[in-house]
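To start, the structure under review is shown below, and the notes come after it.
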Amino acid sequence: MLDFIESFSKAFFVQGRWKLYLEGLGNTIIIATIAAIIGVIVGVIFAMINYLKKKTGKLKFLSAIVNIYITIVRGTPVVLQLMILYFVVFASWDNGIMIGAITFGINSSAYVAEIIRAGFESVDDGQREAGRSLGLSTWQTMRKIIIPQALKNSLPPLFNEFITLIKETAIVGYVGIMDLGKVPGMIQSRTFEYLPPLIISAVIYLGLVMLLTLALRQIEKALSKSDRNGGKK
Amino acid sequence: MDNVIMQEKPILSVRNLQKKFGQNEVLKNISTDIYKGEKVVIVGASGSGKSTFLRCLNCLEDPTGGQIIFDDVDIADRRVNINVHRQNMGMVFQQFNLFNNKTVLENIMLAPYLIHGKKFKKERKSQNKADKKLLKEAREAGNLEKYQSILERISQRNRVSYRQICKEKAMELLRRIGLEDKAKAYPSTLSGGQKQRVAIVRALAMNPKVMLFDEPTSALDPEMVGEVLNLIKEVADEGMTMVIVTHEMGFAREVGTRVIFMDEGVIAEQGTPSEVFDTPKNPRTKQFLNAVL
Ligand SMILES: Nc1ncnc2c1ncn2[C@@H]1O[C@H](COP(=O)(O)OP(=O)(O)OP(=O)(O)O)[C@@H](O)[C@H]1O
Ligand SMILES: [Mg+2]
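The structure is reproduced here in structure tokens:
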């Protein structure tokens with residue numbers, strides 16, 4: 000038992016190693032957050048292009064490109080995407096964290112586009128028709144009426160995507176970026192004990208994910224409540 | 000005299016309107032003129048093309064043939080900016096279609112604010128600019144009285160924002176339908192009748208020249224039909240030009256100045272309410288009226 004405690008303290012406290020976990024956690028959150036922001040912005044644009052093509056028959060070419068992009072991104076392993084961006088596209092850039100964030104932003108955008116597409120589809124077509132019948136332009140109708148409702152409907156699955164990102168970004172360790180998933184390896188090389196740092200790292204991930212899941216439940220609760228009393232916050 | 004009125008230009012002129020959904024020819028060369036102040040009521044069996052006809056009038060459905068002349072412009076031509084013309088045509092839907100993410104007040108003021116806001120701000124800016132020039136002149140001329148009066152005028156003008164003006168107007172419309180206490184409520188908290196009345200004043204807020212109604216009471220519980228029809232009647236009495244698709248024959252007779260009976264994509268018969276309802280000539284009209292009355 001004492002051995003056990005000692006190994007853990009070696010993996011966490013000795014030489015201020017907890018700072019490594021903290022730094023790794025920080026990087027994980029930064030990568031996931033930037034990736035989520037990129038994913039949402041690009042995903043919304045993609046979903047919008049497909050929505051407008053469906054409703055107006057315009058933007059056929061753009062929509063085809065978007066669909067090719069989504070197919071490729073969803074059809075290839077994210078590890079390979081990461082390596083391509085890290086070793087080829089941004090080979091001369093030494094900001095690994097940003098490269099990781101961009102990779103996952105691109106990857107996530109394809110999934111977000113699908114989430115938002117479902118969000119758009121859940122908005123009744125009458126909303127668009129009412130906006131257009133008043134003389135609002137396509138863009139004004141999108142911006143003021145369709146997008147807010149589509150985003151609101153997509154909020155739970157979007158948040159879920161963020162939780163997935165927190166865990167999935169751990170593969171940035173493959174190219175040497177120091178996130179929470181990479182920290183155990185660094186500590187192992189000093190202590191030569193494998194299990195303790197892995198467990199510590201896993202517990203931190205788990206805690207973070209549980210916290211975010213709790214937040215998601217709150218969001219879902221607030222949304223269903225606002226549906227009942229009509230969107231009042 | 001009658002002649003003179005008839006020679007006045009129609010507000011809306013439909014010429015050889017055609018609409019196909021794929022192979023399905025829903026409107027077959029419909030032509031009719033709608034004059035200012037007319038209340039045209041469209042009746043007909045389900046699937047006869049009433050909604051499609053109405054939705055073609057403001058190009059919510061793109062006509063596949065023919066012309067719709069509104070404000071001297073053929074709005075069926077895809078090159079025209081349809082938004083500008085839709086601003087002058089209100090539409091009321093069977094399912095109300097209030098914006099779910101906006102309060103009642105925001106529903107009403109959204110379009111006027113978005114559409115006329117830019118122009119308003121530009122005008123105000125140029126007025127301010129002109130006044131500032133006058134101000135400078137007055138100062139240089141040493142005319143203190145004039146200087147102060149211009150200053151007062153500028154601050155008066157800038158006191159209210161355009162949003163405020165739109166809001167005021169929206170509140171006025173809400174008072175008109177007795178729903179001012181619902182201004183901050185979201186649509187989902189309203190009854191069907193309240194929703195539809197809000198939808199009607201939302202369309203009125205743009206000061207349209209024509210109002211289009213597609214079965215405005217069909218989605219309502221029976222006890223709410225009256226309040227909505229009364230509001231439509233009120234608007235009609237104020238002289239609004241209207242095209243109304245409805246199954247309410249009593250209302251059609253009371254409000255309509257002309258009744259159009261549609262059958263399989265054509266106008267099978269039209270005339271005054273008493274002509275169409277009391278002495279229908281077309282056997283299809285007779286059949287339809289027998290079924291619904
Ligand atoms: N978007 C569409 N795509 C394909 N077909 C359509 C579309 N809208 C309407 N139609 C067809 O056009 C025909 C006329 O429909 P429309 O809705 O104009 O009838 P209506 O007279 O309004 O009927 P109702 O009294 O039931 O409202 C129907 O056969 C319908 O199936
Ligand atoms: Mg219909």
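As they're listed, the protein sequences go chains A and Z.
Mapping the first sequence onto numbering that gives the first Met the number 0, position 217 (from 1) lands on 216, and the numbers just tick up by one.
Mapping the second sequence onto numbering that gives the first Met the number 0, position 144 (from 1) lands on 143, and the numbers just tick up by one.
For each residue, glycine too, the CB sits at the ideal point set by N, CA and C.
Which chain A residues are close to residue i, counting only those with a beta carbon under 7 Å from its beta carbon?
| i | result |
| --- | --- |
| Met170/Z | Those do not exist, as Met170/Z stays about 18 Å from chain A at its closest Cβ, beyond 7 Å. |
| Met205/Z | Leu133, Gly134 |
| Leu324/Z | With chain Z represented from 0 up to 292, any question about residue 324/Z goes unanswered, as that position is not in the structure. |
| Asn142/Z | Those within 7 Å of Asn142/Z in chain A number zero; the least Cβ separation is about 45 Å. |
Check the C-beta distance from residue i over to residue j and give it rounded, since I have them as a contact under 8 Å.
| i | j | result |
| --- | --- | --- |
| Gly23/A | Val182/A | 4 Å |
| Val197/Z | Leu97/Z | 6 Å |
| Gly48/Z | Met210/Z | Contact flag wrong, Cβ pair sits at about 20 Å. |
| Phe43/A | Ile115/A | According to the sequence provided, residue 43/A is Val. The question's Phe does not apply to it. About 5 Å; that satisfies the 8 Å criterion. |
| Thr240/Z | Lys35/Z | 6 Å |
| Pro10/Z | Val242/Z | The residue asked about is misnamed: residue 10/Z is Ile in this sequence, not Pro. That pair is no contact at about 10 Å. |
| Thr168/A | Ala31/A | 5 Å |
| Met108/Z | Ala182/Z | Wrong, their Cβ atoms sit about 10 Å apart, outside the cutoff. |
| Cys58/Z | Pro111/Z | About 21 Å; that fails the 8 Å criterion. |
| Asp213/Z | Leu53/Z | 5 Å |
| Ile149/Z | Ala137/Z | 6 Å |
| Tyr146/Z | Phe119/Z | Not quite, the Cβ-Cβ distance comes to about 27 Å (not below 8 Å), so this is no contact. |
| Val103/Z | Pro186/Z | 7 Å |
| Val275/Z | Met248/Z | Not quite, the Cβ-Cβ distance comes to about 10 Å (not below 8 Å), so this is no contact. |
| Thr278/Z | Val40/Z | Contact flag wrong, Cβ pair sits at about 17 Å. |
| Gly38/A | Ser108/A | 5 Å |
Residues of chain Z with CB under 7 Å from residue i, in chain order?
| i | result |
| --- | --- |
| Gln139/A | Leu113 |
Which chain A residues sit within Cβ distance under 8 Å of residue i?
| i | result |
| --- | --- |
| Asn127/Z | Going along chain A, no residue has its Cβ under 8 Å from Asn127/Z, so there is no contact; the nearest lies around 26 Å. |
| Asn23/Z | Those within 8 Å of Asn23/Z in chain A number zero; the least Cβ separation is about 18 Å. |
Determine the chain A residues that contact residue i at a beta-carbon separation under 9 Å, and present them in chain order.
| i | result |
| --- | --- |
| Leu59/Z | Glu128, Arg131, Ser132 |
| Ala75/Z | The contacting residues do not exist; Ala75/Z stays about 16 Å from chain A at best. |
| Asn15/Z | Near Asn15/Z there are no residues of chain A at all, since even the closest Cβ is about 23 Å away, more than 9 Å. |
For residue i, return the contacting residues in chain C, with the cut-off set at a CB-CB distance below 8 Å.
| i | result |
| --- | --- |
| Arg85/Z | Of the chains in the structure shown, none is chain C; the protein chains are A and Z. |
Just to check, is the beta-carbon of residue i closer than 8 Å to a non-hydrogen atom of ligand 4?
| i | result |
| --- | --- |
| Glu263/Z | Here the bound small molecules are ligand 1 and ligand 2; ligand 4 is not part of this structure. |
Quiz item: For the stretch 104-136 of chain A, which residues have a beta carbon sitting closer than 8 Å to at least one beta carbon of chain Z?
Solution: Asp123, Gly125, Gln126, Glu128, Ala129, Gly130, Arg131, Ser132, Leu133, Gly134, Leu135, Ser136
Exercise. Report the residues of the stretch 90-101 of chain Z with a CB closer than 7 Å to any CB of chain A, ordered along the chain.
Key: Met90, Phe92, Gln94, Asn96, Phe98, Asn99, Asn100
Quiz prompt | For ligand 1, residues whose Cβ lies under 5 Å from any non-hydrogen atom | solution = Phe20/Z, Val25/Z, Ser45/Z, Gly46/Z, Ser47/Z, Gly48/Z, Lys49/Z, Ser50/Z, Thr51/Z
Practice problem: Could you name the residues of the stretch 143-165 of chain A whose beta carbon sits closer than 9 Å to any beta carbon of chain Z, in the order they occur along the chain? | Solution: Lys143, Ile144, Pro147, Gln148, Lys151
Quiz prompt | Chain-ordered residues of the stretch 112-125 of chain Z with a beta carbon less than 7 Å from chain A | solution = Leu113, Ile114
Quiz item: Given a limit of 8 Å on CB to CB distance, which residues of the stretch 170-187 of chain Z reach chain A?
Solution: Ala184, Tyr185, Pro186, Ser187
Quiz item: Are the stretch 173-182 of chain A and the stretch 44-55 of chain A touching, with three or more C-beta to C-beta distances below 8 Å?
Solution: no
Practice problem: Please confirm if the stretch 46-63 of chain Z is in contact with the stretch 13-26 of chain Z, defined as three or more CB-CB distances below 8 Å between the two stretches. | Solution: yes
Exercise. Please confirm if the stretch 59-74 of chain Z is in contact with the stretch 98-114 of chain Z, defined as three or more CB-CB distances below 8 Å between the two stretches.
Key: no
Quiz item: Below 8 Å, can you find three or more Cβ-Cβ pairs linking the stretch 218-236 of chain Z to the stretch 123-133 of chain Z?
Solution: no
Quiz item: On the three-pair Cβ rule with 8 Å, is the stretch 183-198 of chain A touching the stretch 111-126 of chain A?
Solution: no
Quiz item: Pairing CB atoms from the stretch 144-162 of chain A with CB atoms from the stretch 61-70 of chain A, are three or more of them under 8 Å?
Solution: no
Quiz item: Would you call the stretch 132-147 of chain A and the stretch 72-80 of chain A touching, i.e. three or more CB-CB distances under 8 Å?
Solution: no
Quiz prompt | Segment contact, 8 Å Cβ cut-off, at least three pairs: the stretch 256-270 of chain Z with the stretch 279-289 of chain Z | solution = yes
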